[in-house]
Every structure is written in structure tokens, then in C-alpha cells.
Amino acid sequence: MPLACNALQKSKSAMAIISSASTKLTWILAPLLVLATATIRVHGQPPSTSGFISLDCGNRNTTPYTDSSIRGIQHQSDVGFVEGGLTHQIAAVYMAGAPYESQKTLRSFPNGSRNCYTLPSTPGKKLVRALFTYGDYDGLNRTMDGSPFLFGLHIGANFWEAVNLTSWDPSSTIWKEVLTVAPGGSVSVCLINFGTGTPFVSALELRPLQDSMYPFVNSSVSISYFRRIRFGQATDFITRYPLDPYDRFWEGWSFSYNTYPWMTLNTSSPVRRLPGDNTFQVPEGILQQASTLDTNYSFFEINVAVGPNLDAKNLQLLPIFHFAEINISNQNRRFDIYSDNDLLFPDFSPSRFQADSMHENGQFLHNPTATFLLNKTRSSRLPPLINAFEVYSLVRMDNLTTDADDVNYMKEVKKHYNLARINWNGDPCSPREYSWEGLTCDYSKRNQNPRIVAVDLSTSGLKGGLVISFMNMVSL
127 MPLACNALQK
137 SKSAMAIISS
147 ASTKLTWILA
157 PLLVLATATI
167 RVHGQPPSTS
177 GFISLDCGNR
187 NTTPYTDSSI
197 RGIQHQSDVG
207 FVEGGLTHQI
217 AAVYMAGAPY
227 ESQKTLRSFP
237 NGSRNCYTLP
247 STPGKKLVRA
257 LFTYGDYDGL
267 NRTMDGSPFL
277 FGLHIGANFW
287 EAVNLTSWDP
297 SSTIWKEVLT
307 VAPGGSVSVC
317 LINFGTGTPF
327 VSALELRPLQ
337 DSMYPFVNSS
347 VSISYFRRIR
357 FGQATDFITR
367 YPLDPYDRFW
377 EGWSFSYNTY
387 PWMTLNTSSP
397 VRRLPGDNTF
407 QVPEGILQQA
417 STLDTNYSFF
427 EINVAVGPNL
437 DAKNLQLLPI
447 FHFAEINISN
457 QNRRFDIYSD
467 NDLLFPDFSP
477 SRFQADSMHE
487 NGQFLHNPTA
497 TFLLNKTRSS
507 RLPPLINAFE
517 VYSLVRMDNL
527 TTDADDVNYM
537 KEVKKHYNLA
547 RINWNGDPCS
557 PREYSWEGLT
567 CDYSKRNQNP
577 RIVAVDLSTS
587 GLKGGLVISF
597 MNMVSL
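Take 127 as the starting number for the sequence shown in our numbering and just add one per residue.
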């Protein structure tokens, strides 16, 4: 489905539909098809990348490199971060159009129901992003053969989202992103085989966030990227690092048809946050741009088309609106903000040259149409304005991970005996349907991490002494 937005006058209406992309590698917003093309560029001096992890999956060269299109971020091979899998390159015909160097290779996982990457980290909030470029790497034209092609993603022990490549152009690049809390010294990202196509991944990225950011993200709730937009005159299709020091992807709000009375505002004056407000930290360069309408128009609608990966009827969305009045005029601007037909924020007026971020205290809203409306009030002289917009869907973190000590001791056992069982990766006990073969786990204690109570290695052909790690597992 195309992305569309609607602006209506009292006696007329208009619609802008972003045109379909070229045959070059096309960015696809997870879970949406991005129907626009542009060169990805970023500007400004690079801030610190401390804590960044950028894996070029399937790259056999273990020497780190810097991608010329992403200034200042170093990439490395995924060797050592995952067990198993096969390395591939995309077909030669798609090489030149790859948006990033990391999209030229990938790692596939034809064996096992769950294959997991372990990303070293520190406890706290993280952005985790996975990118997928099929590129007909296997010569099977799998995305276009008419049969379902989808697999799943887990963040830790919990379902994150499905990756649905059915009927997508093989040159397309999809990304999925989740904001989550790393519980300890690592973050696990797993690819799940649904039996409808071989899972693969082209790149994995981890970015630290400040713990004050996105306060509704906690150990029980993660949020999955649905849409993140910058408005105004954005010449780059994707704005990311270094303008955004957290390397969030901001899509430029593009209007391919000019029959639609959008107007852009920009300023070189500073746009500041309130002191101590670190909740979202939208880059100032994004807040210095905005979109509004011709003064004859009273409202506009942001309609985000729902992709094939989501259940629209049960869709729960968390919208975050970012505003700053950057018009030098002192005329009054007031408007109401709706989610579908529900009024969220009545009679809102953006602050002059100051960031206002509006959300329902982290509340997820039932919005099957994924439609948001900004409507001018009767007392307002100017139509609505918007600078940036984020939308997320809910990821429930209901499955508790296995007790950390048990996990570490089982890893020692696995290493000591050089055990290479196919499903011995990821969390040993959680979720239950993917627990390690030969383990018996105790889930009886509510709100407590599962414990390993029995280990059966009788068919493993082991010789030698009993590794001391077994002695340390107090629940055995």
C-alpha cells in the first residue's frame, strides 16, 4: 500500500501519493514500503560512537571498516557474534544499488528453528536495528515466486516482529527497529524459522540510549519502530547519525505531487528543549524545519499505510508528536490533535522556538486505520504545524529469561565439552517452545526467572571428568 496523507479545505480535498521507487535498491520502512528515492547523506561533525555495534552480517573479512556513506561509524564482520549460518553475497545485478556496504552480504540460517546473535552491551536502554536485503542471493527469486516468504524476530526471549518479504522486489531493503532495555551484559537477537522461507539478516546494529529517554520503555515493555518522520524541507531520504547522535532513522516527509498545498518552514534560530527535558532529544536540525498548510486550509491528516506484517484490527500504536513554532509571525496557531476519531490533545499551541513533545504518557492507542489528524481551532489564525513524528507498536516482554548464573554455567558446559547441538543458542529455557534439547527447566515460581533443574547429555558421547560448572548450578 502506498503512503498517503490528506489535507482538506472546507469545500475541496486533495491527496498526495508518494510515487513508486526506482529499480535500484529501495528502502522499505518496517513494516512499510517506502515509495520514494533519494541519496542518503548526513551532515555535521560526528559525535561519539562509544557503545555502537554495527555488524556486517556474512562479511568474511574480519577487518573493521568505515562505510563512506555513514561517516564516523565503524562496521565489523559478524564472526564471533553468532554460531552457524551460511554467508552469501547478493546477486551482482543489485550490488551497485546497495544503500550501504553492509547490504551487499548476508548470513542465512537454513538449519534450526532459532538462531541467535549475542551483542555485548551494558545494562540500560538500547536501540537495536536489523536490516534485510534479499538481493536474490540464492538465485531462487524467492521473494517473487508467489509463495509466502516470512520469518520472525525475537528480542531476548520475546517475539519482536515478523519479517515478511512475500512479493517484495528482491532489490528492496527492509529494516526493523526496537527500543528495549538490556538486562545485563548482552542483548540477544534471534531469527525464527516459521517454515516459510530461510531466515537471513544483512546487518545488525546496537545503539545506546540515555536511560532518561523514552520513559515508557522498561523491562516489561519494549517498542517496535512503526514510523519516524521529519517534516519540512528534508533533502535526504534518511536522516541519521551524525545529525542524530543516537543514529535513529528519520524519514523525510516527501511530496511527489505538487497539487497539495503543503508549505515548509525553516529557521536558523536555536530551537531549545526545556532544561532537564531529555525524554526524546529530537535533533535541533530536525526541529528547525516544519510543515504546515496554506492559510485557506484548516486541517491535515497523516495516514500511515499498514503493511502486511501487522494485524490492523488489533493494532496498538504509541504516537509521539514533536512541535516547535518557528514562524517569525506572532499570529496565533492553535489546533486539536486526534488519533483516528479520538481527541488526544485539545487546543494545543506550539511554543515559540522551544520543543514540545506530546504523547499520552506512554499509552498505546487502538488505531486500526493508523490515522492522525491535526485540526485548526476556531480561534486560530494559522493552520496546524508539525516538525517531527514518531509512531511505535507494542512489544510485550512477558517471557522471563533464564537465571543469569544458570545461563553462564551452561555456556561453560557447552564450551568445555565442545557441544554443537543445533538448538543450543539463545536463552536456554525461554521461551519454552525453544528451550534447549536435554534441559529441564522450572517455571513454577511466578515472576521469577526459570531455573535449570536437569541436564541430560547421555547421548552426547562425552568422556573425561565432570566440569565444575555443574557443581555450581544450585537448582540441578
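Here a beta-carbon is modelled for each residue, glycine too, at the ideal position from N, C-alpha and C.
Note that this is a predicted model, so its numbers are computed, not measured.
{"Item": "Cut-off 7 Å between Cβ atoms - residues of its own chain near residue 503, not counting five sequence neighbours on either side", "Value": "460, 461, 462, 473"}
{"Item": "Residue 560 beta carbon less than 9 Å from that of residue 351", "Value": "no"}
{"Item": "Three-pair Cβ contact test at 8 Å for the stretch 526 to 545 versus the stretch 473 to 485", "Value": "no"}
{"Item": "Distance, residue 417 Cα to residue 441 Cα", "Value": "27 Å"}
{"Item": "Range of the contiguous beta strand (DSSP E) that encloses residue 258", "Value": "250 to 259"}
{"Item": "Beta carbon of residue 331 nearer than 9 Å to that of residue 180", "Value": "yes"}
{"Item": "Contacts around residue 251, its chain only, beta-carbon distance under 8 Å, and the 5 residues preceding and following it disregarded", "Value": "305, 306, 307, 308, 334, 335, 336, 337, 339, 340, 343"}
{"Item": "Distance between residue 204 and residue 271 (C-alpha atoms, nearest Å)", "Value": "30 Å"}
{"Item": "For residue 498 and residue 396, the rounded distance between their alpha carbons", "Value": "28 Å"}
{"Item": "Through-space distance from residue 410 to residue 398, alpha-carbon basis", "Value": "7 Å"}
{"Item": "Burial state of residue 185, where buried means 16 or more other Cβ atoms lie within 10 Å", "Value": "buried"}
{"Item": "Reduced DSSP category for residue 312 - H, G, I as helix; E, B as strand; rest coil", "Value": "strand"}
{"Item": "Contact under 9 Å by Cβ, residue 539 with residue 490", "Value": "no"}
{"Item": "Secondary structure of residue 413, DSSP reduced to three states", "Value": "helix"}
{"Item": "Range covered by the alpha helix (DSSP H) that runs through residue 538", "Value": "530 to 542"}
{"Item": "Sufficient close CB pairs (3 or more, under 8 Å) joining the stretch 262 to 282 to the stretch 310 to 323", "Value": "yes"}
{"Item": "Alpha-carbon to alpha-carbon, residue 557 and residue 425", "Value": "46 Å"}
{"Item": "Separation of residue 355 from residue 363, as counted between CA atoms", "Value": "10 Å"}
{"Item": "Contacts around residue 256, its chain only, beta-carbon distance under 6 Å, and the 5 residues preceding and following it disregarded", "Value": "302, 327, 330"}
{"Item": "3 or more residues per run - each beta strand (DSSP E) lying fully within the stretch 576 to 601", "Value": "577 to 581"}
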